[in-house]
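Numbers 30 to 253, taken from my numbering, label the letters of the sequence shown in order. Positions of the beta carbon are idealized from the N, C-alpha and C atoms, including for glycine. These numbers come from a predicted model, not from an experiment. Contents: one structure, followed by commentary.
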Amino acid sequence: TTRIEQAWDRILQVDGQVLDDIATKSRATTKKLKVTFLLAKQARPCWAPLACWRAGGSRFSKKGKIVQKSRDIEEVYGLAEKVSPCFQLFMKQWNVIGDLYSGTLKTSSRAIQKTVRSYDRDPSCLTDLVRCTIIVKTLTDLNEWLERLEVYSEVATQLLPEEEEEEKKEKVESRMSSDLGQRRRGWKAIRRGGSLSTRMDSHPQRLCQDGRWRIISTRRAKGK
């Protein structure tokens, strides 16, 4: 066996339950997102296809993935350059677990290569130009980070009524503690009451891979 296999076996022995928990949450979140986007796509007004056609195409790919409004790769890169500093600052302020490392934009040569090989020469499918990396030390930390993302992400708050959104955030903030042990127990105590509302007022422009966060929410932009 290789060292990687040995390390993985040790992880399974020590943190097998945590891995199962992460896998269960990930599958549930993926299912919710697929259902939400499918309902949002079906609920578009009758005039939406015409508006999308005039704008250059639907905001959804054939596989249901959100795509950019523009199919001009230069325009997409221009928007990515504008968004990147805001996104890096947003993630720095949002992240409380692990170490965050800002990333550079994906190189144009790699983006073109991916567009040709994977996206049928459609640059609007490029949704991972803006990037950053968060490194955690343990699987428990990773599980906590995912729980925070589920409850406190910009996309999660978009899908909730405003009153419920504030209530969720208050619950999360009340569990925050400077003590790591207390913080872990607090995060494990988080339970989401009910499921996400399927209402979605607008779709964020996906300029980041988990750019499922809106960089600047509508409410922040309006100064509320």
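Rounded C-beta distance between residue i and residue j? I'm assuming under 8 Å.
i: Ser-153; j: Gln-71; result: About 21 Å; that fails the 8 Å criterion.
i: Lys-54; j: Glu-179; result: 7 Å
i: Gly-132; j: Val-165; result: Their Cβ separation, rounded to whole angstroms, is 17 Å, which puts Gly-132 and Val-165 out of contact at 8 Å.
i: Thr-169; j: Val-43; result: In fact, because the Cβ distance is near 10 Å, the residues do not count as touching under 8 Å.
i: Ile-163; j: Leu-129; result: 5 Å
i: Cys-161; j: Gln-117; result: 6 Å
i: Ser-113; j: Val-159; result: 5 Å
Go to residue i, then tell me how far its alpha helix (DSSP H) extends in each direction, as first and last residue.
i: Thr-144; result: 137-147
i: Ser-113; result: 102-123
What residues match up with residue i in a beta bridge as DSSP calls it?
i: Asp-128; result: Ile-164
Figure out for me which residue from the options has the closest Cα to the Cα of residue i.
i: Thr-144; options: Asp-44, Glu-176, Asp-101; result: Asp-101
i: Glu-176; options: Gly-45, Leu-118, Asn-124; result: Asn-124
i: Gly-107; options: Arg-32, Leu-155, Thr-31; result: Leu-155
i: Thr-65; options: Lys-94, Asp-49, Trp-37; result: Lys-94
i: Ala-140; options: Met-120, Ser-113, Pro-114, Glu-103; result: Glu-103
i: Leu-171; options: Ile-40, Ile-51, Gln-35; result: Ile-51
i: Ser-137; options: Arg-39, Ile-33, Ala-109, Leu-62; result: Ala-109
i: Val-105; options: Ala-36, Met-120, Asp-151; result: Asp-151
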